[in-house]
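Take a look at the structure set out below.
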Amino acid sequence: MLLAASYLFYGWWDERFLFLIVLSTAIDFCSGIMIDEGTLSKRNRIKASAWTLISAIAFLGINWDAAEIAQKIQHPIGMQYCGGVLLLVIAGNLLYPLLANLPEARRRGVFLFISMAANLGLLAFFKYCNFFIDSAEGILTGMGMHAADFRLNIVLPVGISFYTFQTMSYTIDIYRGHLKPTHRFLDFALFVSFFPQLVAGPIERATHLLPSILHERKMNWEQSMRGCFLILIGLFKKIGVADSVAIAVNSVYLTQGDVTQLDIIVATALFAVQIYCDFSGYSDIARGCSKIMGIELMTNFRIPYVSRTPSEFWTRWHISLSSWLRDYLY
Numbered sequence: 003m004l005l006a007a008s009y010l011f012y013g014w015w016d017e018r019f020l021f022l023i024v025l026s027t028a029i030d031f032c033s034g035i036m037i038d039e040g041t042l043s044k045r046n047r048i049k050a051s052a053w054t055l056i057s058a059i060a061f062l063g064i065n066w067d068a069a070e071i072a073q074k075i076q077h078p079i080g081m082q083y084c085g086g087v088l089l090l091v092i093a094g095n096l097l098y099p100l101l102a103n104l105p106e107a108r109r110r111g112v113f114l115f116i117s118m119a120a121n122l123g124l125l126a127f128f129k130y131c132n133f134f135i136d137s138a139e140g141i142l143t144g145m146g147m148h149a150a151d152f153r154l155n156i157v158l159p160v161g162i163s164f165y166t167f168q169t170m171s172y173t174i175d176i177y178r179g180h181l182k183p184t185h186r187f188l189d190f191a192l193f194v195s196f197f198p199q200l201v202a203g204p205i206e207r208a209t210h211l212l213p214s215i216l217h218e219r220k221m222n223w224e225q226s227m228r229g230c231f232l233i234l235i236g237l238f239k240k241i242g243v244a245d246s247v248a249i250a251v252n253s254v255y256l257t258q259g260d261v262t263q264l265d266i267i268v269a270t271a272l273f274a275v276q277i278y279c280d281f282s283g284y285s286d287i288a289r290g291c292s293k294i295m296g297i298e299l300m301t302n303f304r305i306p307y308v309s310r311t312p313s314e315f316w317t318r319w320h321i322s323l324s325s326w327l328r329d330y331l332y
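Here's what the structure looks like:
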């Protein structure tokens, strides 16, 4: 039920984005098991392959916005994408025996690389592809060479940074021996796509969130009330403070008339309040919704503006991201 709700929530913007999260889920589910155990059961291979293929057909090959059934099959390019996914799945299954028989150290490294390449590839393509194209065109133009316009009409998938970071931490923790992989595909899919924190964080770790998903959850009155309280705090931060302050900030930043130095200083200070209440408000709403369902999410902000030093500030601001960078990048 939660997985269906999460996919519905995420696909509400654009159902095509759902295929990306399914692809990331399938790759990291298989990679995690292969890193730790070196073998993937036939049942799990079938699950991951079928889930990926069905998702490709459903979210790439069908136009759900079409008014008539006859119009629902998209332009042939949609079916070409499905054909590409089919070839990818076939290639993965054919290469499985070869990869499974690699020496342990090499096999672990190969599947960690597959996980990193898939997730970072998705992130780089959707976030930075046009940036690199523009940079290349600028260099060629500066050299006196004509550069055709190769910009792609790319829509950035909502929350792609959050779930790619989350799945990468899963395979890295398994590689380091800090975590054992799960064999329950649907539960892992929920870990990747859990809707309260999918689009605005916090970036959860498998060591924290996955046990809450795998174990039986029970709702109780006290926990639900705490969750509702967090939601109310988040709504107050977002609507009562951030959205209200944004009006004053925009009146300065977007004005075409003269503004004083004092106006700019005050607007900048208010913008700091706006961005904090906006982001932390969403996090509080996510934590509240999860708490009602019996799942605890980590605290993402701890009053960062009372920090005395820059280093202390980064231990209080977007904690899930700063701790992720500390543990997995540095």
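So the sequence shown is residues 3 to 332, counted in my numbering.
Quick reminder that beta carbons are idealized off the backbone N, C-alpha and C, glycines included.
Note that this is a predicted model, so its numbers are computed, not measured.
Exercise. Do the region 258-268 and the region 187-196 make contact, defined as three or more Cβ pairs closer than 8 angstroms?
Worked result: No, they do not touch.
For this session: Quick one: using the 10 Å Cβ neighbour count with 16 as the cut-off for buried, is M221 buried or exposed?
Result: It counts as exposed.
Exercise. Could you give the uninterrupted runs of the alpha helix (DSSP H) lying entirely in the region 262-321, keeping only those of 4 residues or more?
Worked result: Runs of the alpha helix (DSSP H) spanning 4 or more residues and lying entirely within the region 262-321 occur at 263-294, 312-316, in chain order.
For this session: Could you give the DSSP three-state label for F11: helix, strand or coil?
Result: Collapsing the DSSP output to three states places F11 in a helix.
Exercise. Applying the criterion that 16 or more other CB atoms from any shown protein chain within 10 Å of the CB defines a buried residue, is W319 buried or exposed?
Worked result: That one is buried.
Exercise. Taking the alpha-carbon positions, what's the M3 to Y307 distance?
Worked result: For the pair M3 and Y307, the Cα-to-Cα distance works out to about 39 angstroms.
Exercise. Smallest Cα separation from I235: which of A288, F167, M295, F115?
Worked result: The residue with the shortest Cα to Cα distance from I235 is A288.
Problem set entry | Environment of I71 [buried if 16+ CB atoms lie within 10 Å] | Unreliable positioning characterises I71 in this predicted model, as indicated by a pLDDT of 46, which lies under 50. The coordinate reading is nonetheless provided below. Result: exposed.
Exercise. What's the call for F2, buried or exposed, on a 16-neighbour Cβ count within 10 Å?
Worked result: Here the chain has residues from 3 to 332 only, and residue 2 is not among them.
Exercise. Would you report the Cα separation of M300 and C291, rounded to the nearest angstrom?
Worked result: Approximately 13 angstroms between the Cα atoms of the pair.
For this session: Using three-state DSSP, classify K44 as helix, strand or coil.
Result: Of the three classes helix, strand and coil, the one that applies to K44 here is helix, per DSSP.
For this session: Enumerate in chain order the residues of its own chain whose CB-to-CB distance from R18 is below 8 angstroms, with the five nearest sequence positions on each side excluded.
Result: Listed in chain order, the non-local C-beta contacts of R18 below 8 angstroms within the same chain comprise F61, L62, local neighbours out to five positions each way being set aside.
Exercise. Which of helix, strand or coil does DSSP assign to M3?
Worked result: The answer is coil: DSSP assigns M3 none of H, G, I, E or B.
For this session: Could you tell me how far apart the beta carbons of L124 and V87 are, in whole angstroms, since I believe they sit closer than 8 angstroms?
Result: With a contact defined as Cβ atoms closer than 8 angstroms, L124 and V87 miss out at about 14 angstroms.
Exercise. Taking all protein chains shown into account, do 16 or more other C-beta atoms lie within 10 angstroms of the C-beta of P312, making it buried, or fewer, making it exposed?
Worked result: The residue is exposed, with fewer than 16 neighbouring Cβ atoms inside 10 Å.
Problem set entry | Which listed residue (A7, I267, S325) has its alpha carbon closest to that of F167 | For F167, the nearest C-alpha among the options comes from S325.
For this session: Tell me whether A120 is buried or exposed, calling it buried when 16 or more other Cβ atoms sit within 10 Å of its Cβ.
Result: A120 sits buried, since 16 or more C-beta atoms from the chains shown fall within 10 Å of its C-beta.
Problem set entry | Euclidean distance between Cα positions of R45 and D189 | Straight across, the Cα-Cα distance linking R45 with D189 is about 15 angstroms.
For this session: Go ahead and pull the three-state DSSP assignment for G179.
Result: Reduced to three states, the DSSP call for G179 is coil.
Exercise. Taking DSSP as the reference, what is the three-state secondary structure of P78?
Worked result: Since pLDDT at P78 reaches only 49, below the 50 mark, its modelled position is unreliable, and the value read off the structure follows with that caveat. Here P78 sits in helix by DSSP.
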